[in-house]
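Chains as they are written, first to last, in our numbering: chain W, 124 to 234; chain Y, 4 to 115.
All C-beta atoms in this analysis are idealised placements derived from N, C-alpha and C, irrespective of residue type, glycine included.
Working notes for the structure below.
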Amino acid sequence: GESVGLHLPTLSVQEGDNSIINCAYSNSASDYFIWYKQESGKGPQFIIDIRSNMDKRQGQRVTVLLNKTVKHLSLQIAATQPGDSAVYFCAGGDSWGKLQFGAGTQVVVTP
Amino acid sequence: EPEVTQTPSHQVTQMGQEVILRCVPISNHLYFYWYRQILGQKVEFLVSFYNNEISEKSEIFDDQFSVERPDGSNFTLKIRSTKLEDSAMYFCASRLEGTEAFFGQGTRLTVV
Numbered sequence: 124g125e126s127v128g129l130h131l132p133t134l135s136v137q138e139g140d141n142s143i144i145n146c147a148y149s150n151s152a153s154d155y156f157i158w159y160k161q162e163s164g165k166g167p168q169f170i171i172d173i174r175s176n177m178d179k180r181q182g183q184r185v186t187v188l189l190n191k192t193v194k195h196l197s198l199q200i201a202a203t204q205p206g207d208s209a210v211y212f213c214a215g216g217d218s219w220g221k222l223q224f225g226a227g228t229q230v231v232v233t234p
Numbered sequence: 004e005p006e007v008t009q010t011p012s013h014q015v016t017q018m019g020q021e022v023i024l025r026c027v028p029i030s031n032h033l034y035f036y037w038y039r040q041i042l043g044q045k046v047e048f049l050v051s052f053y054n055n056e057i058s059e060k061s062e063i064f065d066d067q068f069s070v071e072r073p074d075g076s077n078f079t080l081k082i083r084s085t086k087l088e089d090s091a092m093y094f095c096a097s098r099l100e101g102t103e104a105f106f107g108q109g110t111r112l113t114v115v
């Protein structure tokens with residue numbers, strides 16, 4: 124079956140810099156992909172999603188890129204702020220909304 | 004802003020006991036889910052529920068697990084006879100058709 128996994132367990136970034144979080148998936152079964160942010164002691168919080176027939180989608184300070192050729196997904200956060208410190212998960216979703224999560228990347232924003 | 008609420012926030016139970024984790028999904032949502040997250044690991048899908056029946060379940064969701072939507076607002080996960088390895092954060096989620104899933108804050112289940 125499909126697996127969704129993250130390249131780096133921890134990403135340290137300076138406040139104000141841009142962050143890039145990467146994710147790989149093993150097959151193309153997902154209809155869409157979502158990035159979630161999880162702060163300590165809280166549930167996953169939706170950031171942005173992208174349909175599998177798209178290659179780029181932008182939100183407020185965030186951009187998701189999907190490269191189906193190499194089965195790679197990334198989340199770019201512009202001008203990273205201390206409040207962006209969290210664990211970031213990518214997840215692939217099917218038509219029933221079932222999500223398959225990756226392992227998570229801890230983003231640490233330093234002053 | 005509407006949110007998914009889960010109770011209790013923390014549940015401690017003895018091995019072999021039954022537990023019921025409760026969730027109130029967002030009121031107009033149609034799809035409901037339970038996920039779990041063992042400490043330090045990724046979030047894992049357990050079960051999805053639509054139109055008053057299970058639409059999909061994972062290998063984790065064995066005969067010890069059941070879900071119910073008893074009254075049109077609550078969505079519960081029951082574990083009949085808890086094991087030590089059931090200790091985890093359990094997240095409820097809900098969504099409308101074609102939209103992102105909204106997650107609750109989770110219930111931390113500790114089996115001793």
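Residue i (DSSP reduced to helix, strand or coil)
i: residue 42/Y; result: coil
i: residue 88/Y; result: helix
i: residue 206/W; result: helix
i: residue 192/W; result: coil
i: residue 226/W; result: coil
i: residue 13/Y; result: strand
i: residue 21/Y; result: coil
i: residue 149/W; result: coil
i: residue 81/Y; result: strand
i: residue 103/Y; result: coil
i: residue 173/W; result: strand
In DSSP terms, what residue i is bridged to
i: residue 160/W; result: 168/W and 211/W
i: residue 37/Y; result: 50/Y and 95/Y
i: residue 186/W; result: 181/W and 199/W
i: residue 7/Y; result: BP columns for residue 7/Y are empty, so no partner.
i: residue 56/Y; result: 53/Y
i: residue 142/W; result: 200/W
i: residue 71/Y; result: 79/Y
Beta carbon proximity, residue i to chain Y, threshold 8 angstroms
i: residue 215/W; result: no
i: residue 182/W; result: no
i: residue 167/W; result: yes
i: residue 172/W; result: yes
i: residue 157/W; result: yes
is_contact[residue i, chain W] using C-beta, thresh 8 angstroms
i: residue 59/Y; result: yes
i: residue 103/Y; result: yes
i: residue 14/Y; result: no
i: residue 64/Y; result: no
i: residue 3/Y; result: With chain Y running from 4 to 115 in the structure shown, residue 3/Y is simply not present.
i: residue 78/Y; result: no
i: residue 106/Y; result: yes
i: residue 109/Y; result: yes
Exposure of residue i, with buried meaning 16 or more beta-carbon neighbours within 10 Å
i: residue 228/W; result: buried
i: residue 137/W; result: exposed
i: residue 124/W; result: For residue 124/W, the predicted model reports a pLDDT of 37, less than 50, meaning its position is unreliable and no value from the coordinates is stated.
i: residue 133/W; result: exposed
i: residue 222/W; result: buried
i: residue 40/Y; result: buried
i: residue 103/Y; result: buried
i: residue 98/Y; result: buried
i: residue 18/Y; result: exposed
i: residue 178/W; result: exposed
i: residue 76/Y; result: exposed
i: residue 42/Y; result: exposed
i: residue 167/W; result: buried
i: residue 203/W; result: buried
i: residue 152/W; result: exposed
i: residue 107/Y; result: buried
i: residue 232/W; result: buried
i: residue 144/W; result: buried
Contact test: residue i Cβ vs the ligand FAD heavy atom, cutoff 7 angstroms
i: residue 71/Y; result: Absent from the structure shown: the ligand FAD. Ligands present: none.
When you check each C-beta in the region 40-53 of chain Y against every C-beta of chain A, which residues fall closer than 8 angstroms?
-> Checking the listed chains, one finds no chain A in this structure; the protein chains it contains are W and Y.
Where the region 195-229 of chain W meets chain Y: residues whose CB sits under 7 angstroms from a CB there | 212, 219, 220, 221, 222, 223, 224, 225, 226 and 227
Relative to chain W, which residues along the region 86-103 of chain Y have a C-beta separation below 7 angstroms, given in chain order?
-> 94, 98 and 103
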